[in-house]
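Numbering (this note's numbering), first residue to last: -16 to 484.
Glycine included, C-beta positions come from ideal geometry on N, C-alpha and C.
Structure first, then comments.
Spelled out as structure tokens, the structure:
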């Protein structure tokens, strides 16, 4: 069994804090680092977990007791022969270790002198596509692994398509196991050419291809002498320097209200996270859906007031005027409005083991808003292995196969019980994403990415709202305000009612 190099162990703060700065100075510096969230994806045995384990090990982010456990577990259940099995640092479930695969999404946190990282090691098996969607939903970057011996395969294409669907703008193609092809430049160039041809139509703007060996450590943390023909960065160098500042939408101010804060009679603030855009003191805002306008009086945080705020900051906004705003509503700039409507089209990923029921209504959770929704129609399904569109119209889909099943992706049209405020997902991930929740089981049935609004005339069966006619029911006008408040609370919980007074 290979012996661990103990010079790469110890306190992960070493080199930053030990002998150079105090704990307070280290923590202050650490707070200033930006955060990169990235996922790893690839086929079974491409070496995803091994790569992350090697990244943690070579960047000296493991403690002595972790190394002891790694050495012990590698001898007992490792799959790397005489080498240390770095994948055991990630594969935590008993079933994963026994099968040598990743099932759940494993998260790891570490930092370097330049940046903090959250890694999501997502499963490669097709039946765990929903787990990959979960791990990639917040990622800034994706590391797609391929085996240098097999090159680009069906699962490589499937994972890359899912990455593009999630709107991830930065991709690393990690050509792993280069040691098994003698670090051949020809093999690497052939894989890169094939992958580049596939990814170009998907519109991912930043793609970096890196030859590496997770087992041997080549080009993981430091450039390797075994690939003198490769002129690009090592993986860690690229992760530390990739620019993600422009990934946030700073143009369209969207502020979904999470909570109304009333600690005393003199303060009324609206708590939430800035989903996109920039807000400044004195800016005019409009509350949706009421359309009432006011100006920002103050931007309050735990550390004091700010002059401006931007994503993903969590703040409390106070307004100059007493306007009615509650959870699920949204503050925006009046000259930059989102789309407003009940009908929209979206790409949907089905995540429930129960087959879709087209007659069923779901809870739709979008930003802080909850409403009832129903799937109006399915335009086509996507064969994620070939990227083909399958529909009844083109003869590729039988009518009985239209309802979606687990891990399937489709272009659908939905209708909501009340107006939503949204943007296309490609323009604004925060307001263009949603989930569907089964109201009976409370399972997350699907995740969706909004494409655009749909006009009422193009709907097959728009969702009808129950009507509550107060005069017809003989309810006295003095009770109207109380009933309106009750109806508004029901709407906040996703139950919409049309009220007539």
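Annotation for residue 115: no beta strand (DSSP E) segment contains it, though the alpha helix (DSSP H) segment containing it runs 112 to 119.
Here the alpha carbons of residue 217 and residue 251 stand approximately 51 Å from one another. By the C-beta density criterion, residue 96 is exposed, having fewer than 16 other C-beta atoms within 10 angstroms. Taking 8 Å as the cut-off, the Cβ atoms of residue 188 and residue 160 do not count as close. In the displayed model, residue 182 falls within a helix according to three-state DSSP. Bounds of the alpha helix (DSSP H) holding residue 41 are 31 to 41.
One alpha carbon belongs to residue 340, the other to residue 359, and they sit about 11 Å apart. Here residue 416 has 120, 349, 408, 430, 431, 432 and 433 as same chain residues with Cβ atoms under 8 Å from its own Cβ, once five neighbours each way along the sequence are excluded. In this chain, the beta strand (DSSP E) harbouring residue 25 covers 18 to 25. Scanning the stretch 398 to 475 from its first residue to its last, the whole alpha helix (DSSP H) runs of 4-plus residues come out as 412 to 415 and 463 to 475. For residue 105, there is no enclosing alpha helix (DSSP H), as DSSP marks it with neither H nor E. Each of 483, 372, 326 and 296 was checked against the Cα of residue 286, and the nearest Cα belongs to 296.
Under the three-pair Cβ rule at 8 Å, the stretch 266 to 279 does not count as touching the stretch 225 to 233. For residue 297, there is no enclosing alpha helix (DSSP H); the enclosing beta strand (DSSP E) covers residues 297 to 302.
According to DSSP, residue 153 shares a beta bridge with 124 and 189. Shown here for residue 100: same chain residues with a beta carbon closer than 6 Å to its own, the five before and five after excluded, namely 19 and 93 in chain order.
The straight-line gap separating the alpha-carbon atoms of residue 130 and residue 28 is approximately 8 Å. Note on residue 150: 16 or more other CB atoms within 10 angstroms of its CB, so buried under the neighbour-count rule. Looking at the backbone, the Cα of residue 365 and that of residue 372 are separated by about 5 Å.
Between the alpha carbons of residue 301 and residue 140 lies a gap of roughly 48 Å.
Comparing C-alpha distances from residue 191 to each of 269, 17, 158 and 253 shows the shortest one belongs to 158. Ranked by how close their Cα comes to the Cα of residue 484, the residues 466, 344, 472 and 306 have 466 in first place.
Secondary structure of residue 390 (DSSP, three-state): coil. Going by DSSP, residue 147 is part of the alpha helix (DSSP H) stretching over 137 to 148.
Where residue 351 is concerned, there is no enclosing beta strand (DSSP E), because DSSP gives it neither an H nor an E. Residue range 218 to 224 is occupied by the alpha helix (DSSP H) that includes residue 221. Nearest neighbour of residue 225 by Cα position, chosen from 124, 208 and 394, turns out to be 124. Closest in C-alpha terms to residue 271, from the list 221, 322 and 412, comes 322. Apart from the 5 residues on each side of it in sequence, residue 307 sits with its Cβ closer than 7 Å to the Cβ of 273 in its chain, given in chain order. In this structure, the straight-line span from the alpha carbon of residue 133 to that of residue 144 is close to 19 Å. Here residue 368 is exposed. Its C-beta has fewer than 16 other C-beta atoms within 10 Å.
In this structure, DSSP gives residue 227 a state outside helix and strand, which the three-state scheme calls coil.
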